[in-house]
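What the sequence shown shows, in my numbering, is residues 307 to 552, in sequence order. Let me begin by presenting the structure, written as structure tokens, before commenting on it.
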Amino acid sequence: MPRFHVPEPLRTGDTLSLPPGAARHVQVLRLQPGAVITLFSGQGGEHTATVQRMGRSEVVVEVADHDPVEREASRAVHLALGMPANERMDWLIEKATELGVASIQPLQTAHGVLRLSGERAQKKRAHWEAIAASACEQCGRNRVPLIHPVQDFGAWLPTASSSGKETARMLLSLAPESRPLANLAAALPASTAGWMLSGPEGGLSRDEEARALEAGFAPVSLGPRVLRAESAALAALVLLTNPTAG
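Structure (structure tokens):
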């Protein structure tokens with residue numbers, strides 16, 4: 307059954323016009339009045355809905371029963387990463403959403419290639435939010451991960467370091483003292499949330515890594531191979547949301 311994200315409250319019995327993106331998708335699928343679809347607002351659960359009317363630019367549906375089903379990971383993992391360039395960031399957000407990430411914090415770091423500020427940063431964030439919502443439509447999630455505004459590493463770090471004792475803070479690092487992430491993930495209670503900090507293509511600078519360690523981030527490793535920035539972040543996410551994968 308086709309699924310569509312509607313970022314507004316959904317109530318059984320309501321009639322509403324789908325957002326432009328969802329309406330275009332319904333038209334591309336050539337759905338007709340009477341077709342049954344699934345809607346989710348991002349606040350939990352999903353509704354069935356029936357297409358009532360099709361227009362050139364409008365699709366009207368009637369919202370039906372609510373199903374409180376959730377398909378979230380057992381552990382809330384928040385991914386903070388030095389932004390990889392261009393389409394790699396888009397791909398990373400899509401796949402991280404499918405894998406169950408709770409939120410994504412894009413960071414500007416010393417070695418990062420992608421630089422965003424002002425209106426350009428706002429447009430990129432909106433673009434990434436749309437990618438995350440689309441990934442939820444595809445994978446069955448009913449909660450869209452939060453994409454935080456772009457921040458400089460130095461401005462973000464104090465916020466993450468004060469997130470509380472119940473939150474594990476980890477840093478992907480090639481340092482010899484790094485602990486295997488698979489071992490750490492298996493030892494963490496499933497209910498423990500986590501911040502995973504990962505660098506861009508050139509990695510975090512020595513100063514950034516030292517500051518993260520001082521802020522309480524534990525250095526962790528994925529093994530002897532050096533992965534691309536986007537691959538490393540996703541591999542870490544898999545281990546944290548599904549410890550048995552290690």
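Glycine residues also receive a C-beta, built at the ideal position from the N, C-alpha and C atoms. Please read all numbers here as calculations on a predicted model, not as lab measurements.
Cα-Cα separation between residue i and residue j, rounded to whole angstroms
i      : j      : result
Ser484 : Gly418 : 23 Å
Gly327 : Gly361 : 14 Å
Met307 : Ala341 : 9 Å
Leu398 : His433 : 13 Å
Residues near residue i in its chain [Cβ-Cβ closer than 6 Å; skip 5 each side]
i      : result
Gln414 : Asp458
Leu422 : Lys430, Val456
Gly505 : Gly388
Met395 : Met389
Ala379 : Gly406, Thr547
Coarse secondary structure for residue i, derived from DSSP in three states
i      : result
Arg534 : coil
Val419 : coil
Val342 : strand
Gly509 : coil
Ser504 : strand
His433 : helix
Gly319 : coil
Beta-carbon contacts of residue i that lie in its chain and below 8 Å, excluding the five residues immediately before and after
i      : result
Ala329 : Ser323, Ser363, Glu364, Val365
Glu400 : Ile437, Ala438, Ser440, Ala441
Residue i: first and last residue of the uninterrupted beta strand (DSSP E) it sits in
i      : result
Glu368 : 365-373
Cβ neighbours of residue i in the same chain (closer than 7 Å, five flanking residues each side left out)
i      : result
Leu345 : Phe310, Val312, Leu316, Glu352, His353, Ala355, Val369
Gly460 : none
Leu452 : Ser409
Residue burial classification, residue i (beta-carbon count within 10 angstroms, cutoff 16)
i      : result
Leu543 : buried
Continuous alpha helix (DSSP H) stretch holding residue i: start and end
i      : result
Met395 : 393-405
His454 : Looking at the DSSP string, His454 is not in any alpha helix (DSSP H), and its letter there is neither H nor E.
Gly327 : 326-334
Chain D contact for residue i (CB, 8 Å cutoff)
i      : result
Ser363 : Absent from the structure is chain D; it holds one protein chain and no more.
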